[in-house]
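Notes for the one structure printed next.
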Amino acid sequence: MQLMTCFADRKRNTTSAHQLQQNTTILMAQPITFDHAQARQELRQAYIDSLDLGPMRMNIASVVYFPYCDEDFLFDSKTAMEVLFHDAELPRLNIYGNAFEDWKEADFLSSLIDHELTHVQQWISPETRNAVLLPTRLIKRINDCRESRNWTRRRLDGTVRSYQLAISLLEAAMEIPAYTHQITDGVYAKKVSNYRVEEIRYILSKYSALTEAVRSTTGLTPESIVDDTDSACRILKLNVKTIDHAIRGEY
Ligand SMILES: [Zn+2]
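For what it's worth, my numbering labels the leading residue of the sequence shown as 1350, then goes sequentially.
This is the structure in structure tokens:
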């Protein structure tokens, strides 16, 4: 709102060059708040650029606002922000319109600073880096399966399902620490809205149930997928029905 006032002042013919310069200085000095960015789409990138991501920023190629997330599903939850990983490049952090729609500032910052930066840290750490990069390779395998002439057979034998389960397990291994950090020891842990905390607890319960269903039926953990992807996927494939049953029982 203060931004608007400055522009309105500048429109008056009586404004001297000196006043004009002063107004411009005030305009530049005024930080763009979350409320400004929420109200006006065109301020969102500037708001994002004004946030201090600390030393972690040098490990991120770009932090960019996009009005829409291409992979939103009509009836599923909407992606607010995400880190995209690539084998040979620094991660990219995308923030979508959804992040400005229902959240309060603390929920936004909690998601950005406490959650997404945890994923960047997982990419940096040698212990977790392979788990972060593996899902992209498994998605490629799924696509290869679908393009192959054996697709009809493959579709029925559990191969794709085993890759999907492997991806979900790896996702659980990465998401559980990020969500837990948000509601326990994260910088914004005490400020996150109750609504968001409940949502996070629900997501955590789903990921834990999945991990437990796979562990109790096959003995596999997310680490097993990273250590020997082919063997783990073979075991998942042989146990698809049992795992599905366990997941349904747990949920
Ligand atoms: Zn995440």
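Note that beta-carbon positions come from the ideal geometry of N, C-alpha and C, so glycine has one too.
- In this structure, LYS1586 sits near SER1511, with a CB-CB distance shorter than 8 angstroms.
- Every alpha helix (DSSP H) of 4 residues or more that sits fully in the stretch 1377-1451 is shown, in chain order, as 1383-1388, 1393-1399, 1447-1450.
- Around the C-beta of ILE1473, fewer than 16 other C-beta atoms lie within 10 Å, and the residue is accordingly described as exposed.
- The closest heavy atom of ligand 1 lies less than 7 angstroms from the beta carbon of HIS1468.
- Counting only the Cα atoms, LYS1427 lies some 17 angstroms from VAL1546.
- The three-state secondary structure of SER1474, taken from DSSP, is coil.
- In the three-state reduction of the DSSP assignment, GLY1598 falls in the helix class.
- Nearest C-alpha to PRO1380 among TYR1396, ARG1389, GLU1391: TYR1396.
- Around the CB of ARG1393, 16 or more other CB atoms lie within 10 Å, so the residue is classed as buried.
- Between ALA1480 and GLU1438, the C-beta spacing is not below 8 angstroms.
- Short of 7 angstroms from the beta carbon of ALA1527, and not among the five residues preceding or following it, lie these beta carbons of its own chain, in chain order: HIS1464, THR1467, HIS1468.
- ASN1479 sits in a helix when the DSSP states are folded into three classes.
- Within the model, the alpha-carbon separation for GLU1524 versus ARG1490 is close to 22 angstroms.
- Counting every other CB atom within 10 Å of its CB across the protein chains shown gives ALA1429 a total of 16 or more, marking it as buried.
- Taking 8 angstroms as the cut-off, the Cβ atoms of LEU1487 and SER1517 do not count as close.
- Nearest to ILE1592 by C-alpha distance, out of GLU1520, VAL1575, GLU1561, is GLU1561.
- Taking a contact to require three or more Cβ pairs closer than 8 angstroms, the stretch 1401-1416 and the stretch 1441-1457 qualify as touching.
- Shortest gap from the CB of GLU1524 to any heavy atom of ligand 1: under 7 angstroms.
- Taking the Cα of GLU1431 as reference, the smallest distance to any Cα among LEU1461, ARG1498, ALA1521 is reached at LEU1461.
- At least one heavy atom of ligand 1 falls within 7 angstroms of the beta-carbon of ALA1527.
- If you ignore the 5 residues before and after THR1485, its C-beta comes within less than 8 angstroms of the C-beta of PHE1434, HIS1435, ASP1436, all in its own chain and listed in chain order.
- If you check the CB distance, ASN1588 and THR1567 come in under 8 angstroms.
- Non-local C-beta neighbours of ILE1596 in its own chain, meaning closer than 8 angstroms and more than five positions away in sequence, comprise ALA1558, LEU1559, ALA1562, ordered along the chain.
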